[in-house]
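*Asks:* What follows is a structure written as structure tokens; I'll ask about it next.
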Amino acid sequence: MGKRTSLYNKHLAQNAKMVDFGGWEMPLHYGSQINEHHQVRRTAGVFDVSHMIIIDLTGQRVRDFLRYLLANDVGRLKNTGKALYSCMLNEQGGVIDDLIVYFQQETQFRMIVNAATRDKDIAWITRHAKTFSVQVDERDDLAMLAVQGPQAREKVEPLLPDNLQAAAMALAPFYAVWNNEDIFVARTGYTGEEGFEIILPNEKAPDLWDRLLAVEVAPIGLGARDTLRLEAGMNLYGADMDENCSPLESGLSWTVAFKPEDREFIGRSALQAQREKHQVMVGLILQEKAVLRAHQMVSVEGGGVGHITSGTFSPTLGVSIAFARLPPGKYEQVMVTIRNKQLPAKVVKPPFVRHGKACIDL
27 MGKRTSLYNK HLAQNAKMVD FGGWEMPLHY GSQINEHHQV RRTAGVFDVS
77 HMIIIDLTGQ RVRDFLRYLL ANDVGRLKNT GKALYSCMLN EQGGVIDDLI
127 VYFQQETQFR MIVNAATRDK DIAWITRHAK TFSVQVDERD DLAMLAVQGP
177 QAREKVEPLL PDNLQAAAMA LAPFYAVWNN EDIFVARTGY TGEEGFEIIL
227 PNEKAPDLWD RLLAVEVAPI GLGARDTLRL EAGMNLYGAD MDENCSPLES
277 GLSWTVAFKP EDREFIGRSA LQAQREKHQV MVGLILQEKA VLRAHQMVSV
327 EGGGVGHITS GTFSPTLGVS IAFARLPPGK YEQVMVTIRN KQLPAKVVKP
377 PFVRHGKACI DL
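Those letters in the sequence shown? Residues 27 to 388, per this note's numbering, in order.
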């Protein structure tokens, strides 16, 4: 039996199809993945993401530690609540995990990492934290709900504590606020829509879940979460990047801060050696009727070969879309092998969809 979040019984009450995900029993869908996808694009939905790992980092040198640990530079975080997306790399430049880190105060940062990589993440973080005398605390007493969609703001505001409502509604993207009841509200998400991620004590999560459902915020499972994030051009760890490929090969060059040049971070030397020539990550739109899937072979002009890392049918666009890792070069069209047939696909720059609207020409 896998681990269960504090909302497990709520999922069963909504007739969720439960599956194993990173060692957790999580809802795949509540009846229709397609309907759940459209719910988030058109109104609002709530995801139980309590399987994500919340880590609090404290110490006088915590900022120095994170500037060494992460490829992106937390030196950019000047304002309380500001967040940063980054990869955490090994010495070879491979991605151990991707994560979000929040600046709470000069001696405390909060980090959210993936459930499937929990053990190696915590071991890696703890190992390097010792050098900087930083304390690493996993907050398994907390749950996390993500409310996403164009109506998320109006649905969430009345449900927050009075001392958080105004501050939360005024948040810019990638900022967070919190109170002394340990309720933490962030303008982050994994769908490309307006929304919030709310961290709160496990015992308070079921009540918030019920109140969200009472105002017609529908429960959304992992299936729709995957199609939403791919439309939004967001990578999935273990599919679009892992320890065998770097951020430069994963369409995440923008998350690597090479400046200032005197900042040493784990994996920097390996990335610098790759900067001139590396595989490229692109978006694909299939130009015939079929479905793009992970691991399908992609042929490029000149005889090179790559592969799809993530692929799906886009409910919003009505076409098949994918991420693909290709040999170095610039491409406008490629051929994808599907059931022993070569089908043409247009190369585009993700995202495919943001705020319910297409970002590319079909």
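Quick reminder that beta carbons are idealized off the backbone N, C-alpha and C, glycines included.
Since this is a predicted model, take the numbers as computed values, not measurements.
In whole angstroms, what separates the C-alpha of residue 224 from that of residue 294?
*Replies:* Straight-line Cα distance between these residues: approximately 33 Å.
*Asks:* Is it true that the CB of residue 83 sits closer than 7 Å to the CB of residue 160?
*Replies:* Yes, these two residues count as a Cβ contact at 7 Å.
*Asks:* Check for me: the alpha helix (DSSP H) holding residue 171 runs from which residue to which?
*Replies:* Run containing residue 171: none in the alpha helix (DSSP H); it sits in the beta strand (DSSP E), 168-174.
*Asks:* Take the Cβ of residue 346 as the centre, count every other Cβ of all protein chains shown within 10 Å, and call the residue buried at 16 or more, exposed below.
*Replies:* Under this definition residue 346 is a buried residue.
*Asks:* In chain order, what are the residue ranges of uninterrupted beta strand (DSSP E) at least 3 long that sit wholly in the segment 121-206?
*Replies:* Complete beta strand (DSSP E) runs here, min 3: 121-131, 134-139, 161-164, 168-174 and 202-204.
*Asks:* Nearest to residue 382 by CA position, among 333, 292, 255 and 300, is which residue?
*Replies:* Nearest C-alpha to residue 382: 255.
*Asks:* Ignoring anything shorter than 4 residues or poking outside the segment 205-283, list the alpha helix (DSSP H) runs there in chain order.
*Replies:* Here the runs fully enclosed are 231-240 and 248-257.
*Asks:* Sorted by chain position, which residues of the same chain lie with C-beta nearer than 7 Å to residue 297's C-beta, five sequence neighbours on each side aside?
*Replies:* The answer, listed in chain order, is 119, 272, 274 and 282.
*Asks:* Could you have a look at residue 91 and say whether DSSP puts it in helix, strand or coil?
*Replies:* Residue 91 falls in the helix class under three-state DSSP.
*Asks:* Whole angstroms is fine: what's the gap from residue 329's alpha carbon to residue 356's?
*Replies:* Each residue's alpha carbon lies about 14 Å from the other.
*Asks:* If the criterion is Cβ atoms closer than 7 Å, does the pair residue 253 and residue 175 meet it?
*Replies:* Going by C-beta atoms, residue 253 is not nearer than 7 Å to residue 175.
*Asks:* DSSP has residue 55 in a bridge; who is on the other side?
*Replies:* Partner(s): 43.
*Asks:* Does the separation of the CB atoms of residue 316 and residue 352 fall below 7 Å?
*Replies:* Cβ distance not < 7 Å, so residue 316 and residue 352 don't count as in contact.
*Asks:* How many Å lie between residue 114 and residue 61 at the Cα?
*Replies:* Rounded to the nearest angstrom, the two C-alpha atoms are 35 Å apart.
*Asks:* Taking the beta carbon of residue 354 as the centre, do at least 16 other beta carbons fall within 10 Å, making it buried, or is it exposed?
*Replies:* Burial call: exposed.
*Asks:* Going straight from the alpha carbon of residue 239 to that of residue 78, what length do you get?
*Replies:* Their Cα atoms are separated by approximately 22 Å.
*Asks:* In the structure shown, what three-state DSSP assignment does residue 325 receive?
*Replies:* Residue 325 falls in the strand class under three-state DSSP.
*Asks:* Measure the Cβ-Cβ separation of residue 48 and residue 142 and say whether it is below 7 Å.
*Replies:* Yes, the Cβ-Cβ distance between residue 48 and residue 142 is below 7 Å.
*Asks:* Under a Cβ-count criterion, where at least 16 other Cβ atoms within 10 Å of its own Cβ denotes burial, should residue 199 be classed as buried or exposed?
*Replies:* With fewer than 16 Cβ atoms within 10 Å of its Cβ, residue 199 is classed as exposed.
*Asks:* Roughly how many angstroms lie between the CA atoms of residue 213 and residue 179, to the nearest whole one?
*Replies:* Their backbone Cα atoms lie some 10 Å apart in a straight line.
*Asks:* Taking the C-alpha atoms as reference points, what is the distance between residue 66 and residue 108?
*Replies:* Taking the straight line joining both Cα atoms gives about 25 Å.
*Asks:* Note down, in chain order, each residue of its chain lying with its Cβ closer than 6 Å to the Cβ of residue 51, except the 5 sequence neighbours on either side.
*Replies:* Answer for residue 51: 28, 30 and 44, listed in chain order.
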